[in-house]
Each structure stands twice: as C-alpha cells, then as structure tokens.
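Numbering-wise, numbering that gives the first Met the number 0 puts 194 at position 195 of the sequence shown, and it's gapless, one number per residue.
Cβ atoms here follow ideal geometry from the backbone N, Cα and C, with glycine treated the same way.
Since we're looking at a predicted model, the values are computed, not measured.
Take a look at the structure below.
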Amino acid sequence: MTRDIQLVAIDLDGTLLRDDKSLSQENVDAIKEAIEQGVQVVICTGRTLPSIQYLSKQLPQGHGDEYLILQNGAVVHQLPDLNIVHETILTEADRQAIYDVFKEYRSEEVQMVAFDPDKLYLVDDETANPTVVQDAKTLSTDITLTKFEEVLYLETLYKIVVFGGVEFIDDYLEKIPNELYEQVHIVRSLPVAIEFIPKLANKANGLNALIQLLDIKAENIMTIGDELNDYEMVKMAGLGVAMENGHPEVKRVADELTLTNNENGVAHAIRKFVTQPPHNS
Numbered sequence: 000m001t002r003d004i005q006l007v008a009i010d011l012d013g014t015l016l017r018d019d020k021s022l023s024q025e026n027v028d029a030i031k032e033a034i035e036q037g038v039q040v041v042i043c044t045g046r047t048l049p050s051i052q053y054l055s056k057q058l059p060q061g062h063g064d065e066y067l068i069l070q071n072g073a074v075v076h077q078l079p080d081l082n083i084v085h086e087t088i089l090t091e092a093d094r095q096a097i098y099d100v101f102k103e104y105r106s107e108e109v110q111m112v113a114f115d116p117d118k119l120y121l122v123d124d125e126t127a128n129p130t131v132v133q134d135a136k137t138l139s140t141d142i143t144l145t146k147f148e149e150v151l152y153l154e155t156l157y158k159i160v161v162f163g164g165v166e167f168i169d170d171y172l173e174k175i176p177n178e179l180y181e182q183v184h185i186v187r188s189l190p191v192a193i194e195f196i197p198k199l200a201n202k203a204n205g206l207n208a209l210i211q212l213l214d215i216k217a218e219n220i221m222t223i224g225d226e227l228n229d230y231e232m233v234k235m236a237g238l239g240v241a242m243e244n245g246h247p248e249v250k251r252v253a254d255e256l257t258l259t260n261n262e263n264g265v266a267h268a269i270r271k272f273v274t275q276p277p278h279n280s
C-alpha cells in the first residue's frame, strides 16, 4: 500500500534551507518532481513575506493556484497576487498582556520586535542589539523604530517576538504567567527567541485552513520540519517528517525521519515518500 500524498508543506530555516540559508539544487529538483506529479507544494514558515520573496524566484511553480503559509500560520497567501485567504491577528488585549510581561525584563540584551505584514518594528528601543540585527538581515526587512503605544493600535499584527540570550530565554519561559499561555500561543522558534502569536495561529491551523479550502484531507499531506514551531504541523499530518537536525520533541511526534538540512533532507523525504514511494509500507 502506497501513501497518497497530495500536498507537501515544508518549513524553511533548518529544513529546506542549509545552515548558510542557501537553497540546494537537489531540493529544488525534488520539489519540481513532486509538482510535475500533481502534488501541491507549500512553504510553511515563521518568516515574513519580504524575507521569502527571493526564494520564490528559485523555487519551481505549479500550473494552478499556489500558496504560502507565513508568520507561523497566522496568514495564508494565494499567489501570484498575494491575496490573503486566511489570517489571524493579535488583539489589542493580547499585545498589552505580552508587553506587560516583557517590560519587566527589558534590557540591552532583551528586546521586543513586532511584525505586521511588511515591517519589523523594534519596540521602545533606539538601537537594535546584534540578535535583532541578524534576524532583520535574515528576513530581508529593515528595522523600524517605534513605541509600544503605536504597536498597540496597528491594524494588523501577526506576532511579537522577544529576543535574548539562551539562558535568559530558558528562564523567561518559566516566568511567563499561565494566564498568558492561555491567552496566546507561545513558541520558542529559535534558542534566542520566543514568539507570541494569536491563540489559534500555528502552522497546523494555517495548514488546516488551506487544506479545507483545497478539499484535501490531513491524511493526504506530508509535512517536513525541524523546530518547535513545526511541532503541531508535523504531528497533525498524515505523514509528519522531522529533520535529523530537528528538535527532540519534533522527532518524537514525527512518523519518519529524514537527513539533515545540510544533506538535502527535504529532497530525500520527497523522493522516498512522494515521488518514489516504496511498494510496501
């Protein structure tokens, strides 16, 4: 019995991209092979739209509608016009609650950034620390200085991220009150970053919204990821695949493991389970 995979959702950093953020030709070729067999391939990432536009020029496109799941599932775009087909935003109450916890720990090392559809806002600081600067570089997005009062009333805000050292983030996660965990979705997307996103926004929910639109069942999708913000989508898929370099908790809920992101693990998974599936499973 072979798997009937109709859609493949792929994380970017630590998954499709190598550690130097480059995209291998091997992965590109495997995605093209899947598309040619009629499989929908969707990028599902925590990144913003500006940060993935350079990749869209490198990745093969299908002949029908294409989609992007961004901001950890908070927004789903339809290509090529980038129409929004699903979005979930942080409410003003969410933003205030996140800020009230953050402001007690704010320092030169610990900074907050907020994301709307296009911009990265540095909140209540005049100078970004090296971690924030690197994140902005990775996202190909300029840093916009702002005050929290402005962030509070932005029309569309998909997520807030607190950056700090690894030890601080370890400690900070323990100090976040239970009430905030109940109010918003909190995920450690990097060793130095905690993301606060709408309660109903995660990659699995964004993906669920898309497959409902496309009339595809969860059992007919394959997801590939590595970090904790991929946990839900790896767990919910009919075939959840974790990278060898992935977080132990993601590996634990995965159905299968593939090679590392530096060893074309995405191509390996696509060819093993989708374009060249085994005769027996």
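Judged by DSSP in its simplified three-state form, Y180 adopts helix. The distance from the Cβ of V191 to that of I175 is about 16 Å, inconsistent with a contact at the 8 Å cut-off. When only Cα atoms are considered, Y157 and T130 end up about 20 Å apart. Note on geometry: alpha-carbon atoms of L172 and A241 lie some 24 Å from one another. When the Cα atoms are used, G205 and D3 turn out to be separated by approximately 21 Å.
Relative to Q5, the option among G13, Y152, L209 and V100 whose CA is nearest is L209. Residue pairing by DSSP places F195 opposite I159 and I185 in a beta bridge.
A direct Cα-Cα distance of roughly 43 Å separates M221 from E125. Collapsing the DSSP output to three states places E255 in a strand. L213 carries a helical assignment under DSSP once its states are collapsed to helix, strand and coil.
In this structure, the CA atom of T87 is about 12 Å from the CA atom of F195.
Burial of N260 is indicated by the presence of at least 16 other C-beta atoms within 10 angstroms of its C-beta.
In summary, H62 is exposed, with fewer than 16 beta-carbon neighbours lying within 10 Å of its beta-carbon over all protein chains present. Closest option to D225, judged by alpha-carbon separation, among V249, M232, A203 and G237: V249.
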